[in-house]
Structure formats: structure tokens, C-alpha cells
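Residue 98 is where the sequence shown starts when you use the working numbering, and the numbers rise one by one after that. Each residue gets a CB set at the ideal place from its N, CA and C atoms; glycine is no exception. Contents: one structure, followed by commentary.
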Amino acid sequence: MTSLSDSLRPCGPVADKNAADRALEVLQPEAAAGGWGERLKTVWPALAPVFGASPYLAGLARRAPDRLGELLAAEPEARFADILARTERAGRTPAQEAGPDLRRLKAEAHLLIALCDLGGVWDLDAVTGALTRFADAAIAAALRAAAAAEVEAGRLRAVGEGEDGPVPGWFCLAMGKQGAYELNYSSDVDISVFYEPDRLPVAEGVEPRAFAVRLTQALAALMQDRTAEGYVFRVDLRLRPDPSSTPPAVPLAAAFDYYETVGQNWERAAFIKARPCAGDLPRAQAFLDELGPFVWRKNLDFAAIADIHSIKRQIHVHKVDDRLSAPGADLKLGRGGIREIEFYVQTQQLILGGRNPGLRSRRTLDALQALVEAGHVAPEAAAELTAAYGVLRAVEHRVQMIADEQTHRLPENDEERGRVAALQGAKSLKAFDAAITDVLKTVNRRYGELFPDEEALSSSFGSLIFTGVDDDPATLQTLARMGFDNPPQVSQTIRSWHHGRIAATRTERGRELFTRLAPRLLEAAHATGAPNAAFNRFGDFFAGLSSGVQIQSLFLANPKLFELLVEVMAFAPKLAATLARRPAAIDALIDGDFFAEIDPAEDEAVMRLAVSRAEGFEEIMDAVRRAHREQAFRLGVQVMSGVASAETVGRGFADLAYLCIRTLAPAALAEAERIGGVFPGQVAVVALGKCGSREMSAGSDLDLMTLYRPDDPRAMSSIKSWGAETFYGRFTQRLIAALSLPTAEGGLYEVDMQLRPSGTQGPVAVSQAAFESYYEGEAETWELLALTRARVVWASTPDFAEAAGKLIEGALRRPRDRERTAKDVRAMRSLLERERPAKDFWDMKLSRGGLVDVEFAAQFLQLVHAAEGGPLRPHTATALGAFREAGLEPAEPLVALEDAWRLQQNITQLTKVALEEGADPSQEPTAFRKLLARAAGEADFKAVRPRLDAARKAARAAFERLLKP
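Right under this line is the structure:
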């Protein structure tokens, strides 16, 4: 027998020697007393890197040294088999005993698995397999204990002993990574619970539905309730049918009805990994067998395949670029992450697996290899993705091993990331970062090759002849003359709609209305100059409607509104995607107030209602994303229609961002308190950049800073004894995640914290004392310029919101030497011109006389006049106007700057809604150029360029005059 201690090898360097030494100080005397001192001494070189990097694993060892000694002396596989056997026995004890036993067994399994993983004893398959097998065993044990409690309470006749499980007729499916034997180190378990009411052996008078729900809740509590012993696994039951409106246990009849009528493609993808886990296993397998035709469809029409493709398009928000890097990378959901590999495989499984059962493997890499063997994936691509998957999963485990947190994000802080690198065996942090960056780029590149955006999409215009089963030749010629790339495909799509293959045309009245609407759709798409994009995006939207009579009647009665909608489809892909994902957003267009300026109070009421229905942090994140998406859609359409000015829309986007922050910040604080305990202190979120100045546009990121003030500098959080910096750092990280991570409801914002004191080098959250000290002596001029746009958007108390505002104002109102400040600002502008020159004429930000010049001038004036009581206004145009009205500077340059700002902001708002980054407006269709001319206040697009040129020259001259040496 080879013991664990004989097999362990050092995983890497010791990240924190002091931490390792502290662990050794606790373990040595215990080992000596237990007779395993020499073994500890021999194996310590392999343990030191582990305990020096992971407080969690060191804590497991320190709390039960004898357990560590037993693990080291045992053969790993045999010990793990013993853990599983003891887990099974724990299920045969009363629930009040089973809970603590399972938690202790979880700690033992966690320590054993981590050591085998880090020490090179087990490979990735063995590690994820062990984690999954323990989860299966724990769920089965918890079920048995919960069932016994139901018998004792008189609600269940007896605990079953046969293959039907403890409760015949009740079963749970392992979903996600557990279903595929791919569970990660600190994962929750995704299970779906189903039951057959007539088969449940409940006592007389007991209602089956209430019993099934109670049993499910009892199992979940045994697994996830936190006690002094910790928890076993967090349980996620949301992969059941329609989780927002169904109980945690779903009757089989209701489940079949759901999947057969309204089951979605993402649910089909989820069932790829599903397998029986606990309970009535034969019935569970029979359920999966009966559900097979829903998951594995042999015949997929174009619309169904397009909808499967859309799964990929919704997650893959960003294109492949060179900005991927390791610090802060989300290894699961981020670009180049694990999710991209899984979706790369699953989307192809859904499309191809119906006709080829060999492609139906639950396991990601097995399925990927099957796709290779079937000729659907190139061996080179599979090899790269397989290697990347192994690295990402291993690093994901190490991130989670640090503190047993369900996180997938690499720390931004070098020291914290260095712990992960040490556990991964990297020779240096630089080498680790480079390796991870290469992996992320490789995955993102391969993911981008799947259903690529550049691939032509079938869309076109047709005549009036769309009947029959074959395309009409004359109609195909008409469509080609109207500029559609693929006339046959357009014809087939419209014919499929005529045949009622989508809900909008499923009724006779719906098809009658579409007969009238179809030529108007094709004409409107042709009129945009981008008919292919317009038609295709309209198709995504149209196919998603739950009914079509009302909306088609609206379009026919309001042709201008319909033309505007098709313009949105053609020129604003993000808005079109919003409509495709949530067709109900179109209802807002019917509202007479849709084009009115958005009322923040109304927004807040809508958001409050949405969040009130959410349970838990993740549901709140989803609710905020839904509400945000609808209001961002409204703002985007207002930009496209020209009814709102740049200032109005900038305020609207910023107010929406503030609302999201004010909603998610309390939830993030509650999460930090739930994990770390309550901390006595106050915290505020400060918006900077365009968010702070209320000049946001579509797609703007958020520049944020968090300020905190502990009630007592020595205070600790109530559960994990975190200090102020750690506690508020965790709060900030959770807020960033809440604002930036993509969920099932999509993304929200990119968040940038680099404008805080010391940038990426300092703590992620800033103490009041550090803020005061930094801006009193260390802050450079550019940081003070940035601070002029600061705005407190949320605080844990009104008093601290006021205090934070005064803190910012105090930093700004210190005396500045005008000449020196002007010299600094000119130098900064010169540096920008050298290092980040304007990309082209249409670069509104960096061109000479562009928005940067205007913003620098406004910020400069505020800095040099603030000490004498001059106006402080975060908004650029408002600040310029305030100086003009106060007579503090010559009016002529201020007017020139205001004019250039408004002109370029109006253009920016439209291009940010409609165009991809770097697109040349002069190369866009004529219809779009007309929109741009309207935004610039000109009758013709040809006049826009001279107008811009003149405004920029005047703005640059004003900048130089105000900041003259």
C-alpha cells in the first residue's frame, strides 16, 4: 500500500512562509503526541506550499490534526472509499446527527481531495469524480435521514429499502457539473426534484405535493444550512421547470407538460448532463428516457437551429481581442473561460446529437472527442480546447481552495493571485499570468470560430408569392433586385411563418395579418440600406412573440412606428438583441410615454417591484438586468428616433446606472455580511468618469470607487473576523461581480476601479483616512481632474453619503496654482496625443478639439477656481455654463467648448447605440447617414464633416486660450 504521504509532491513554491510556519507550529506537537511526527517532517515540503497559500486548507488541518495524520497514513483511494461508506452510514442516523456527521465528512473529503489534487496524486478526472461521488453520497444520505424524520413525524409510512429508494416515486436528478461528474472544488450542487403523487407512500391524510416539497426542503437544509461544523454543499434547485412559479419539487405530469409545450433550448442543453442522483433511481431513468425526444431532436428546422445558435451569441458578448489578461479574469463566465468551452460543445450536441447518439455524452471532453471522431470539430481545435479545459478547471479549483468560496475569478491583487499561482506550480507570477492569458485567448479564439458573426445570415425581401412548398422563381428575382443576399432563404423563412410555425402566426387571424405585413416588412428592410441585418433581426424578434395579432395590428395601424422598429433592427444590434431576447419589451413602444424623458422615480418603482420578487443575490442580479435591459432599450430607441438630446440621454443612462448600483450595493453588502459577518462601519459608492458626470452612452462602462469608514479601526466582522479593508474589499468585489458578471439574463456593465487612489496597486476599497491622505499630498493633477466628476451615488447611511460628498469637495477646493496646473494639463494632453492618437476623423473623444479637450478644459477651470468658491459641476456642459454665467472666464471660448461638446455628444450617443467600435459612419447606409446628419443638426450628411471640423478647431483654440502658458 502506498500512503498519501509517500505520494505527495510539492505543488509549487511557498507563497506565504509565515502562514506555513504557523500551521506547522500547531501540527508538530499534535503529530508528536499522535506518533506521526516523522511522517509530518518527511511530508512537510509537500504540505508547506499548500498551507502557505490556502487559509482554508490550513484551517482544516489545524482544527483536526489527527484527521490529517490519518489521511497521510492511508492509501488515498481506500480512504476515500471509507469516507463514502461512512457517508452512507450517516444517512441511517437521525437527522440531528446526520447533519453534523455529513459536515465533518465533507471537511475530511475536501482535505483529502485537495491534497491529492495539489500533490499530483490524482488527475483532473479523479478529482472531479471524487467531488461528485461524495456529493452523490451526501445527497443520498441526506435524503434517507430526511425520509426517516418524515416517518417519525407520521407523514411517511416507512423508509424504503429497495431500488426505489427511501421514498418511492420521489427522485432528484444531478444537473450541470454534478451530472457530468465534473463538480468543482467549492461548487454548489444543481439538482432538480420530481415526483409521482400517486406513488408516494405518504400516511393517510397527507397531501403528496406538500410532502414532496417538505422533503425537498429538509434535504436542502441538511445539505446547506451553515452550522459550527460548516455546510455540506449549497443546493441550487432552479433548473427545474419555471422555477419562479413552481415549487421546489415538481410533479412528473407537470414537468412533461412544460417541456413538451414551452421547454427552451437552454433547458435542453441543461439536460445533456442530467442523470439520476438520489431517490427512486429506476423512475428517474425512465423520466430521462421519456424526455429524450425533447432533448435530442432528430429534425431541426432553420428557426430551431438559429435559436440554438443564439445561446452562443448571448454568452459570447465580446469579440476575440488582445485585451484578455489573467488579473481579475473570470475563469468560468469570462471571455475565454470554461463556459465558452462547454457551450462550444453543447450547442453542437443539441444540433447534431438527435441523429447521432454517439454525441450525447454528459462529459464535456468526452463529447468534444466524439465531435472530432464524427468529423464536426477539427482535431487541432479539440486538442487546444482540451488542454485549455484542463488548465482552467485546475486553476478554478485552486482559486476556490484558498478560502472555500464559490468564486471563479482570479484575484486582481498580485499577492492574492500569487497564492493561486503557487498552488498551480508556476515558477513566477509573471509566468502564471502569461500562461493563463494564452489559454483565455486560445479558448476565446476557438469559441469565436463557432457560428461566427461574419457568416452570412439568411434574410431577404420577397414579392407577394410565398405559398406552396417551393420557392417562386419570380419572387427570388425580386428579392435579389432589392439587395437581399440569399433570396431562397428569405422566401423559405417567410413561407414558414405563413405556415404558422411560430406563435405570432399560429392563429388564422395572425396569418391573415402577416399576409399584409410581409411586404411592408421587406420594403422597410430594403429602405434601411441594410436589408439583411434588418430582416434577420426582425425574424429573431418575431419568432419570440407569444402571440401576434395585437402587435401586427399595431404595426399595420402605425407604419411610422413600424419603420422605426425596422431601423432599430438594421442599425442597432444591441437593441435588436434586447427585443429578440425579450419580445415583451415591444409593449413599452405602445405606451404613450415611451418617447418622453424617463422619470427616475418611475424607474425606481419598476426596479423595486422587480427586485421584491427575487430570492437571493443571483435572482436580484437577474431582476436588475431585466429592468435595466428594458430601460436601456427605451433610451436607445429615443436616440435612434432623435427625440432626446445628448444631455437628456446621457442623464438617462447615468440615472439607470445609479439605480442599478443603488439596488445591487445593499445586496452586495448583505452578501458580504452573510459570508463574513456584520461589520460596524459605513461605506459609499462613488461614480467617476462619464457615470459620475451623467454623460453616459450606450455601452459605457462604470468608473467606480468605494469609500468606507469603520466605526472602530480595530473592529472585526462577526463571523470571519475580517478587518475593515478585507470586509469592504469583499463588498466591493461582490458589487463588481453583481454589476459586471453575465448571468442567464445577460450582462450589465463593465466596471473599472482604476480611478481610485493608487489605481490597481492599492486596495480595491478605499478608507476615508487613506482618501484624505492621498488627495492631500500624493494625488497627481490627472487624478484631481478625474475627481471633479465624482458623485456619491449610494451609501449605507445618509450621513456617510453627505460626509463622502464633503470629503470629495474638500479635496477639490484646496488652492491650486493656475500656471502649474495648466502646464500639467497641457502635458497630459500632449502625452495622450502621442500615445493614444485619434483613430480617425470620427473619433469624437481623442481628436484635436474633441471631447477630451472640452472635458480637460472644464475640469481645469473647476480645479483652479474651486478654492475661491468657484462652481463644481461634474457635468461638462453644466460646468462650462456655470463659469460663463458667473463671468469667471471669457465667454467666447466657453461658448465654443459648449458647442463642440453638444455636437460631438449628439453624434456619440447615436454611434454608440448603432455602430460597432471603430466603424466609419461615412460608409454606413444612406438611411443611417441621414440619422447622423439629424443628430448633428444638419439637413445633409455632407455638411456634418465641415461642421465638426469647424467646431473642433474652435474648441481646440478655446482650450489653448484657457490653458495658455
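In three-state DSSP terms, what is A211? helix
Going by Cα to Cα distance, which pick from Y544, R516 and V290 is closest to A309? V290
Out of curiosity, what's the CA-to-CA distance linking E477 and S893? 53 Å
Determine whether the beta carbon atoms of Q830 and Y805 lie at a separation below 8 Å. no
Within its chain, find whatever has a CB closer than 6 Å to the CB of F1056; leave out the 5 residues flanking it on each side and keep chain order. D950 and A954
Contact check, A1024 vs N1003, beta carbons under 8 Å: no
Please state whether DSSP places D511 in a helix, a strand or coil. helix
Give the range of the alpha helix (DSSP H) segment to which R923 is assigned. R915 to E932
Using a Cβ-Cβ cutoff of less than 6 Å, which residues in the same chain neighbour A964 once the five nearest sequence positions on both sides are dropped? R910 and P912
Report yes or no: do the region 992–1007 and the region 913–929 share at least 3 C-beta pairs separated by less than 8 Å? no
DSSP three-state call for R495: helix, strand or coil? helix
Taking 8 Å as the threshold (C-beta atoms), are G946 and R1053 in contact? yes
Answer yes if the region 380–398 comes into contact with the region 276–288, meaning at least three C-beta pairs across the two stretches below 8 Å, and no otherwise. no
Burial state of P146, where buried means 16 or more other Cβ atoms lie within 10 Å: buried
For the region 302–388, list the alpha helix (DSSP H) runs that are entirely contained and at least 4 residues long, ordered along the chain. 305–321, 349–358 and 362–369
Beta carbon of V848, beta carbon of L799: below 8 Å? yes
Contact under 8 Å by Cβ, N541 with R679: no
DSSP three-state label for P1062, please. coil
K1027 to R931, Cα distance in whole Å? 34 Å
Same chain only: Cβ atoms within 8 Å of E502, ignoring 5 sequence neighbours per side: S283 and I772
If I measure Cβ to Cβ from C757 and keep anything under 6 Å in the same chain, skipping five residues before and after, which residues do I get? V721 and H725
Identify every run of the alpha helix (DSSP H) within the region 121–173, keeping only runs that are complete inside it and at least 4 residues long; order them along the chain. 134–150, 152–160 and 162–170
Sequence-distant residues of the same chain with beta carbon closer than 7 Å to D418, five excluded per side: Note that D418 has pLDDT 44, beneath the 50 cutoff, so the model's placement of it is unreliable and the number below is only indicative. There are no such residues.
Just mark K1063 as buried or exposed, buried being the case when its beta carbon has 16 or more other beta carbons within 10 Å. In the structure displayed, the chain extends from 98 to 1062; residue 1063 sits before or after that span and is not available.
Please list the terminal residues of the continuous beta strand (DSSP E) segment that includes W891. R888 to A892
Within the region 693–727, ranges of the alpha helix (DSSP H) (whole runs, at least 4 residues): 697–709
Distance between L489 and L105 (C-alpha atoms, nearest Å): 22 Å
Own chain partners of K1061 with C-beta closer than 7 Å, once the 5 adjacent residues on each side are dropped: none
So, are the CB atoms of S588 and T602 less than 8 Å apart? no
What residue range is occupied by the uninterrupted alpha helix (DSSP H) comprising I683? No alpha helix (DSSP H) holds I683; DSSP gives it neither H nor E.
Rounded to whole angstroms, what's the CA-CA distance from R410 to R201? Just pull it up for me. Summary for R410: the model assigns pLDDT 39, below 50, so the residue's position carries little reliability, and this model does not support an answer.
What do you get for S790, buried or exposed, if any count of 16 or more other CB atoms within 10 angstroms of its CB means buried? buried
Spatial distance of H623 from M579 (CA atoms): 6 Å
Take every Cβ of the region 248–265, pair it with every Cβ of the region 290–308, and state whether three or more of those distances are shorter than 8 Å. yes
Given 7 Å as the limit, tell me if A1033 has its C-beta closer than that to any heavy atom belonging to the ligand NAP. You won't find the ligand NAP in this model; it holds no ligand whatsoever.
What is the DSSP secondary structure of L799, reduced to helix, strand or coil? strand
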